[in-house]
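Engineer: Below you'll find the structure I mean.
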Amino acid sequence: MTQPQDNEPRFVISPKILAKLNEKHAVTEQEVIECFYNSDDGDDLEDTREQHQTLPPTLWFLAYTDKGRLLKVCFVFQEEKQTFYVKSAYEPNTAEITLFNALTGKDYYY
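The numbers in the working numbering rise by one with no breaks, and the one at position 60 of the sequence shown is 60.
Right, here's the structure in full:
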């Protein structure tokens, strides 16, 4: 977990999620945070699939890491705490890239 400075947001990744990111997806905490800072504000999409319904809602976006790796990042944001709770992050499949591009007007690719 990174520590915020002044009004910076916090990023929380539980030990269980961090282990899954490292072992299953070979994604580091640093890469996830880079994606948050490299993403365009307002491009977060809500995950409306029934099994992923949460309150506050689960959101996701695509962004590149500083080294150019494209990741899909899924998270819950608690505005009152200015905290992002990361649920998952991995390289998106073609369908996810196509959907994100169609809904946001972006042109992400591998």
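We put the beta carbon where it would ideally sit given N, CA and C, even for glycine.
Quick check on the burial criterion: 16 or more other C-beta atoms within 10 angstroms. Buried or exposed for serine 88?
Structural biologist: By the 10 Å Cβ count, serine 88 comes out buried.
Engineer: Give the straight-line distance between the Cα atoms of proline 15 and threonine 28, rounded to the nearest whole angstrom.
Structural biologist: Taking the straight line from one Cα to the other gives about 12 Å.
Engineer: With DSSP as the reference, label glutamine 113 as helix, strand or coil.
Structural biologist: Since the first and last residues shown for the chain are 1 and 110, residue 113 lies out of range.
Engineer: With a threshold of 7 Å on Cβ separation, who are the neighbours of tyrosine 108 within its own chain once the five nearest residues in sequence on each side are excluded?
Structural biologist: The answer, listed in chain order, is Leu62, Leu70, Ile97, Phe100 and Asn101.
Engineer: With which residues is tyrosine 90 paired in a DSSP beta bridge?
Structural biologist: Lys72, per the DSSP bridge assignment.
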